[in-house]
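Asks:
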Amino acid sequence: MTEGPIVTANELTRRFGEGDAAVDALRGVSAAFPRGGYTAIMGPSGSGKSTLMHILAGLDKPTSGTVEVEGTEITGLDDKRLTELRRDKFGFIFQFFNLLPVLTAQENVTLPLRIAGRDVDEEWLEQLLSTVGLGDRRTHRPSELSGGQQQRVAVARALITRPAVVFADEPTGNLDSKASAEVLALLRRAADEFGQTVVMVTHDPAAASVADRIVVLTDGLIVHDGDAADTDAVHDLMKAVA
Amino acid sequence: MTALTLRGLAARKMRTALTAIAVVLGVGLISGTYILTDTINRSFDSIFADANKNIDVAITPREAVKAQDNGSTPAFPAAVLAQVRRVPGVAEADGNVFDVANIYAKNGDKLGSHGAPNFVTSVQPGTLSPFSYVQGRAPRTAGEVALDRNAVDKGKYSLGDKVGVVGQQGKRLYTLVGVAKFGDQTSIAGATIAIMTLPEAQRVLGEAGRFDEIDVWAASGVSPEALVPRLRTALPASVTVRTGEAQARSMSKDIKQGFSFITTVLLIFAGVVLFVGAFMIFNTFSITVAQRMREFALLRTVGASRGQVLRSVVLEALLVGVVASLVGLLLGIVLAPGLKALFGLLGGDLPGEGTVLATRTIVVSLLIGTVLTVVSSLAPALRATRVPPIAALREGAVLPRGRARRLRTPLAFAGLAVGIGLIALGLFGGAGGGSAAGLLGAGAAVVFIAVALLSKHIVRPLASAVGVPIERLRGVTGRLARENVTRNPGRTAATAAALMIGMALVTFVTILAAGIKDSVASSVDKGLTGAFVVQNEDGFSPIPAATAGALRRVPGIATVVETRFANAKVRGIKGTGSVTGVDPRTLPSVYKVDWKKGSPATLRALGPAQAVASDKWAKDHDVKVGETLTVLTPSDRTIRLTVKGTYKDDAQLLSDLAVPSATIVRAFGTNDVAVALAGVSPGQNVNAVQARAKTALNDRFPSVEVLSKKQFTDDVAGQVNQLLSLFYVLLGLAVIVSLFGIVNTLALSIYERTRELGRVRAIGMSRRQVRSMVRYESVITALIGAVLGLVLGVLFAIAMTPPLADQGLKISIPVGTLVILLVLAAVAGVLAAIAPARRASRLDVLQALAYE
């Protein structure tokens, strides 16, 4: 494995639409995400934070600029290589949990392994399930779980493949404050205990304050990139850039 | 992934079941057809094996020319029997006759339900007889008869009763002396059989001095196989010599061929049902794929490849296909007796007990159902692979448009052209019957698909056309319904297309049937100048030979012209030609011939070695007036006939060739009178003459009916209508499948619109209004399909008319019936909406709003 950043963005721009209706979501963004780091990408609505994450994760292509994952440029890869990348290197956590309703909690967690045709590391699975606190709920269907529980299943699903990076898109956006705190604590533990790299998009200062580092985007540009502080400091920061 | 597919199917039971219904019905029809025909065939095999069980060698007339559908091969001279007996190795030989007659029950009704045939045959010596007497004994005198067990029961007879049998000489009463069993059967395939002494049977059947079959028992130590060549050498070429076993096979094969049309007809309809089903499967999978976009996107983000997504959808289709085909196969077992009953109504009492489930039935059923489902799901499955992973993160992502979509309209137009081309080729390409029909069917199928693709563009105007009146009547619910229908035109088009196919075919057969009825009426009106048509009451069996004589003695009847039909082979011309025998001198007084070359005088002067020909037949085979044809007749004689004139005959009484009665009787061996035409003396009251004729014939010829022109046309129309109702029932299955398609689409769209329904309910729409909105949506969709189908059906019928115009077919559009069909389609729409509308109206408003 190479030392240095796992994901690197170089001069990314992204333009949606054409002509007068064109919108520049990103206008030249460069950033590096080191191994084991927990980064929060923040910014007001329309700042380009989600677009940045989509491009980092290979879900969207930049208009210009490049993304490297562990030294490999991914911006030009075909669908097959991107699929392999998502399968082997990335884990995803979404705002709307996105669990498959027909599968049990445990089956949802192991889904990425089944898709990849890999064996389930039982020990790792047990450790994850107990970490996310769902050991006794593993046979439940998503509809039988609370929102917080569903998101914890999603966290376990993102971690099961031991991905290089976990991308979390507003993971607390649909949760009450207690459930939010639990999920954030989980991601923190993943970074601390398993050395998991996490890139999280959020507009919740409380969420961002859990991260090691905060990147703030406004109008498609990075306006702040630095160590995380407490919630109040993040609030002030956001006020300053807004 | 497999587990996921299985779980998904289990979670969407209703949708899966609705999709499967199309396959279940189509496959059920296929397996039912095979089971039915296999069962019938097995019965025939065993019946004929029984009949020939005791026979070493059978001698039958050689079938020089394939007989008419309901005609029998002419009997051969009884002198052959003496020749047979002289052949060394023959222990015993006996001649018998076997032909159609009419047998009556004690209460005077004809025996044999639904037109099952009645036969008279002669007693055979015990060793050769296929019959055993379970009660009484074999007839010994001309006044005695034995009946099969079934006939005795149905006719409510007991020994000693008088049984009425109508043969060529009219009705005669016989004393019942025996009850016979045929092998192990109580009856032969539902047929009724009367056994008489040989001379009496010959007299009744008009076969005095002739045999239909000679049965031989070989001397001990002589094998049937060894005896056959010896007999062949000794006997004239006009007879066929076969072992008993070979004879059984040949008889069974002949009769199976006669019934093979049932298989063809049923399989065609099964194909239609499956074709409609394919639309429904395609549509359901398309909608489901669109609704599961999020799920596919998620799978893609967690690392599923496009191939895995494709496989998961195809696997789903495969499972639905296999299970539905299996259920369909089982349904076929239940359906087979129903199909048998359906044909029973049409006048064919089919034999067959038990169920024959051949390997072929299982393989074909499973294969067709599964392949059809998988193929129909391919396009939606490919769409599923195009769902981008990012759709999992974004609200309201739409499926990207593929290249195929842009090509869709041009492709559809190309398809339309190809379809029309195929139809034109089928109609005018001069291909034979089977391949022409194949071309027509393929062409129609391609046109249906093309129109279904194109109809997407006319959904909006059509929805306006049928929706605006509803909107006027029902205000906002009607308006919303119309908008909902046009929201996704592709989906509506595919849903409506399924109904369109059924509707087009119903319209097509309705118009064609109306055309046939009309042209029969007009050609009878034009051609028939005599007052009456005299025919067997079943409409197709011959009438007794003595009928004409009796009729001539009725006061007021001026002329009676008998017609006889036969087939012939003309040297240098492929296939079999049809021949009519009439009295050339009297025909013009009861039948007007539309002469192309010649005149009534030509007919009056027609000699025994002369014929007149149909203009179409003559043109098709390049036969000129004045030419002399060499003709092979069914009784294996070769005669020469000089063509003296040509005619156009829409009623087809005169067939391809018309010859004098004397010629057809003598050279063709045709004794049976098919129908007779009777003319009334001038100044007579036609009704009074008809009443007198009926009275005169009633006692001796109860099987004969005397019909006025109007009654005769009605009789033909009745037969056409019977066939039409059979088609309606079978096409009804296709229509039912398409209705399930509407139910499915509605249910899926409602599921999709849960939130929206919650919103309209929240702002004050009543449950009732929601229900009626869904109902109108359904009605509009159904009517779109119905209108498209109606138009296509009419166009198909118009296209079919020119080639059939030669046979006098005129296009005739039964507007009233078509309007009724439209109304029925609307009603069907209402029915299809019941369940989805209920579901929509029961949505909990709060939950619906919180949905997702």
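Protein sequence lines correspond, in order, to chains W and C.
Numbering (our numbering) for the first sequence: 9 to 250.
Numbering (our numbering) for the second sequence: 360 to 1211.
C-beta atoms are modelled at their ideal positions from N, C-alpha and C, and glycine is treated no differently.
Computed from a predicted model, the values in this text were never measured in an experiment.
Between C/Glu-654 and chain W, is any beta-carbon pair separated by less than 8 Å?
Replies: On the second sequence, position 295 is the one that residue 654 of chain C refers to. Closer than 8 Å to some Cβ of chain W, the Cβ of C/Glu-654 qualifies, so yes.
Asks: Are the Cβ atoms of C/Gly-898 and C/Gln-1078 separated by less than 8 Å?
Replies: Taking the first residue of the second sequence as position 1, residue 898 of chain C is located at position 539. Taking the first residue of the second sequence as position 1, residue 1078 of chain C is located at position 719. Contact: yes.
Asks: C/Ala-853 and C/Phe-641 look like a contact to me (Cβ under 8 Å); what is the Cβ gap, rounded to whole Å?
Replies: As a first step, residue 853 of chain C must be located in the second sequence, where it is residue number 494. As a first step, residue 641 of chain C must be located in the second sequence, where it is residue number 282. Between C/Phe-641 and C/Ala-853 the Cβ distance is about 6 Å, and since that is below 8 Å, they are a contact.
Asks: Kindly list the residues whose CB is nearer than 6 Å to the CB of W/Asp-212, restricted to its own chain and excluding five residues on each side of it in sequence; keep chain order.
Replies: For the purposes of this step, residue 212 of chain W is taken as the residue at position 204 of the first sequence. Hits under 6 Å: Thr-180.
Asks: Of all Cβ atoms in chain C, is any one closer than 8 Å to the Cβ of W/Ile-123?
Replies: By 1-based counting over the first sequence, the position of residue 123 of chain W is 115. So, interface residue.
Asks: Can you confirm whether W/Asp-200, when its beta carbon is compared against all beta carbons of chain C, has any partner nearer than 8 Å?
Replies: Here residue 200 of chain W refers to the residue found at position 192 of the first sequence. Cβ-Cβ to chain C under 8 Å: no for W/Asp-200.
Asks: Going by alpha carbons, who is nearest to C/Thr-534 out of C/Arg-499, C/Thr-551, C/Lys-513?
Replies: Taking the first residue of the second sequence as position 1, residue 534 of chain C is located at position 175. Answer by Cα proximity: C/Arg-499.
Asks: Where are the beta strand (DSSP E) runs, 3 residues long or more, that stay fully inside the segment 30 to 99 of chain W, in chain order?
Replies: For the segment 30 to 99 of chain W, whole beta strand (DSSP E) runs of length 3 or above, ordered along the chain, are 31 to 42, 46 to 50, 72 to 77.
Asks: To the nearest whole angstrom, what separates the beta carbons of C/Ile-1095 and C/Ile-692, a pair I think is in contact under 8 Å?
Replies: The count along the second sequence starts at 1 and reaches residue 1095 of chain C at position 736. The count along the second sequence starts at 1 and reaches residue 692 of chain C at position 333. The pair is not a contact, with the Cβ atoms about 20 Å apart (cut-off 8 Å).
Asks: W/Gln-157 and W/Arg-145 - do their beta-carbons sit closer together than 8 Å?
Replies: Position 137 of the first sequence, counted from the first residue, corresponds to residue 145 of chain W. Position 149 of the first sequence, counted from the first residue, corresponds to residue 157 of chain W. Contact: yes.
Asks: Find out if the Cβ-Cβ distance for the pair C/Leu-688, C/Ser-664 is shorter than 8 Å.
Replies: Numbered from its first residue, the second sequence carries residue 688 of chain C at position 329. Numbered from its first residue, the second sequence carries residue 664 of chain C at position 305. No, Cβ-Cβ distance for C/Leu-688 and C/Ser-664 is not below 8 Å.
Asks: Please report the straight-line C-alpha distance between C/Val-631 and W/Glu-92, rounded to a whole angstrom.
Replies: Indexing the second sequence from 1 puts residue 631 of chain C at position 272. Indexing the first sequence from 1 puts residue 92 of chain W at position 84. Going by the C-alpha atoms only, they are around 45 Å apart.
Asks: Can you look up C/Ile-640 in the DSSP assignment and give me helix, strand or coil?
Replies: As a first step, residue 640 of chain C must be located in the second sequence, where it is residue number 281. Residue state, collapsed to three classes: helix.
Asks: Give me the residue from C/Thr-732, C/Lys-699, C/Ala-1158 with the minimum Cα distance to C/Gly-713.
Replies: Here the question's residue 713 of chain C lines up with position 354 in the second sequence. Ranking the options by Cα distance to C/Gly-713, first place goes to C/Lys-699.
Asks: Among W/Ala-166, W/Asp-177, W/Val-231, W/Glu-76, which residue has its Cα nearest to the Cα of W/Val-209?
Replies: Taking the first sequence and counting its residues from 1, one reaches residue 209 of chain W at position 201. If we check each option's Cα against that of W/Val-209, W/Asp-177 comes out closest.
Asks: With distance defined between alpha-carbon atoms, name the residue in C/Ile-573, C/Ala-417, C/Phe-702, C/Gly-788 nearest to C/Leu-1085.
Replies: Locating residue 1085 of chain C in the second sequence gives position 726, where the first residue counts as 1. Checked all of C/Ile-573, C/Ala-417, C/Phe-702, C/Gly-788; the closest Cα to C/Leu-1085 is C/Phe-702.
Asks: Taking only the alpha-carbon atoms, compute the straight-line gap between C/Val-1189 and C/Val-1146 and give it to the nearest angstrom.
Replies: As a first step, residue 1189 of chain C must be located in the second sequence, where it is residue number 830. As a first step, residue 1146 of chain C must be located in the second sequence, where it is residue number 787. Their backbone Cα atoms lie some 16 Å apart in a straight line.
Asks: For the segment 660 to 675 of chain C, which residues have a beta carbon sitting closer than 7 Å to at least one beta carbon of chain W?
Replies: Those residues of the segment 660 to 675 of chain C that come within reach of chain W (Cβ to Cβ, closer than 7 Å) are Thr-660, Val-661, Gly-662, Ala-663, Ser-664, Arg-665, Gln-667.
Asks: Just to confirm the assignment, what range does the alpha helix (DSSP H) spanning C/Gly-1004 have?
Replies: In the second sequence, counting from the first residue as 1, residue 1004 of chain C sits at position 645. Run containing C/Gly-1004: none in the alpha helix (DSSP H); it sits in the beta strand (DSSP E), 997 to 1007.
Asks: Between the segment 1095 to 1129 of chain C and chain W, which residues of the former have CB atoms less than 9 Å from a CB of the latter, in chain order?
Replies: Listed by position, the residues of the segment 1095 to 1129 of chain C near chain W (Cβ gap below 9 Å) amount to none.
Asks: In terms of DSSP beta bridges, what is C/Lys-530 paired with?
Replies: Position 171 of the second sequence, counted from the first residue, corresponds to residue 530 of chain C. C/Val-525.
Asks: How big is the Cα-Cα spacing for C/Val-1063 and C/Ala-1026?
Replies: Position 704 of the second sequence, counting from 1, holds the residue named residue 1063 of chain C. Position 667 of the second sequence, counting from 1, holds the residue named residue 1026 of chain C. Straight-line Cα distance between these residues: approximately 27 Å.
Asks: If you drop the 5 nearest sequence neighbours on each side, which residues of the same chain put their C-beta closer than 7 Å to that of W/Leu-121?
Replies: Locating residue 121 of chain W in the first sequence gives position 113, counting from the first residue. Same-chain partners within the cutoff: Val-128, Ile-168, Thr-169.
Asks: Return no unless some Cβ of chain C is closer than 8 Å to the Cβ of W/Asp-68.
Replies: Walking along the first sequence from the start, residue 68 of chain W turns up at place 60. Taking Cβ atoms only, chain C reaches closer than 8 Å to W/Asp-68, which makes this a yes.
Asks: Nearest CA to the CA of C/Gly-471: which residue from C/Thr-851, C/Lys-515, C/Asp-884?
Replies: On the second sequence, position 112 is the one that residue 471 of chain C refers to. Residue C/Lys-515 is the option with its Cα nearest to C/Gly-471.
Asks: Exposed or buried, W/Thr-10, counting other C-beta atoms within 10 Å across all chains shown (16 or more means buried)?
Replies: For the purposes of this step, residue 10 of chain W is taken as residue 2 along the first sequence, with counting starting at 1. Caution is warranted here: a pLDDT of 44 is assigned to W/Thr-10, below 50, making its placement in the model unreliable, and the coordinate value is therefore given only provisionally. The residue is exposed, with fewer than 16 neighbouring Cβ atoms inside 10 Å.
Asks: May I have the straight-line CA-CA distance separating C/Lys-465 from C/Asp-1074, to the nearest angstrom?
Replies: Taking the second sequence and counting its residues from 1, one reaches residue 465 of chain C at position 106. Taking the second sequence and counting its residues from 1, one reaches residue 1074 of chain C at position 715. Cα to Cα, the separation comes out at about 27 Å.
Asks: On the criterion of 16 or more Cβ atoms from any shown chain inside 10 Å, does C/Pro-1162 qualify as buried, or is it exposed?
Replies: One-based indexing of the second sequence puts residue 1162 of chain C at position 803. Classification of C/Pro-1162: exposed, given that the 10 Å Cβ count is below 16.
Asks: What is the DSSP secondary structure of C/Ser-1171, reduced to helix, strand or coil?
Replies: As a position in the second sequence, residue 1171 of chain C is number 812, starting the count at 1. Looking at C/Ser-1171 - three-state DSSP - the assignment turns out to be coil, as it is neither helix nor strand.
Asks: For a contact meaning CB atoms closer than 7 Å, what does C/Arg-366 contact in chain W?
Replies: For the purposes of this step, residue 366 of chain C is taken as the residue at position 7 of the second sequence. Within 7 Å Cβ-Cβ: Val-110, Leu-111.
Asks: For W/Asp-87, go through chain C and note every residue whose CB falls closer than 7 Å to its CB, in chain order.
Replies: By 1-based counting over the first sequence, the position of residue 87 of chain W is 79. The answer, in chain order, is Arg-665.
Asks: Assuming C/Pro-433 contacts C/Pro-447 under a Cβ cut-off of 8 Å, what Cβ separation, rounded to an integer in Å, is found between them?
Replies: Stepping through the second sequence from its first residue, residue 433 of chain C is reached at position 74. Stepping through the second sequence from its first residue, residue 447 of chain C is reached at position 88. Actually they are not in contact, since the Cβ atoms of C/Pro-433 and C/Pro-447 sit about 29 Å apart, beyond 8 Å.
Asks: Whose C-beta lies closer than 7 Å to the C-beta of C/Ser-611 among residues of the same chain, with five residues either side of it excluded?
Replies: What you label residue 611 of chain C is simply residue 252 of the second sequence in a count that begins at 1. Result list for C/Ser-611: Phe-403, Asp-404, Phe-407, in chain order.
Asks: Report the neighbours of C/Ala-370 on chain W: residues whose CB is nearer than 9 Å to its CB, in chain order.
Replies: Numbered from its first residue, the second sequence carries residue 370 of chain C at position 11. The contacting residues are Pro-109, Val-110.
Asks: Determine the closest residue to C/Leu-326 out of C/Asp-1058, C/Ala-1052, C/Arg-1059, with distance taken between C-alpha atoms.
Replies: Absent from the structure is residue 326 of chain C, since the part of chain C shown begins at 360 and ends at 1211.
Asks: Could you tell me the alpha carbon to alpha carbon distance between C/Ala-1180 and W/Phe-100, rounded to whole angstroms?
Replies: In the second sequence, the residue the question calls residue 1180 of chain C occupies position 821. In the first sequence, the residue the question calls residue 100 of chain W occupies position 92. Per the sequence shown, the amino acid found at residue 1180 of chain C is Leu instead of Ala. Distance between the alpha carbons of C/Leu-1180 and W/Phe-100 is about 56 Å.
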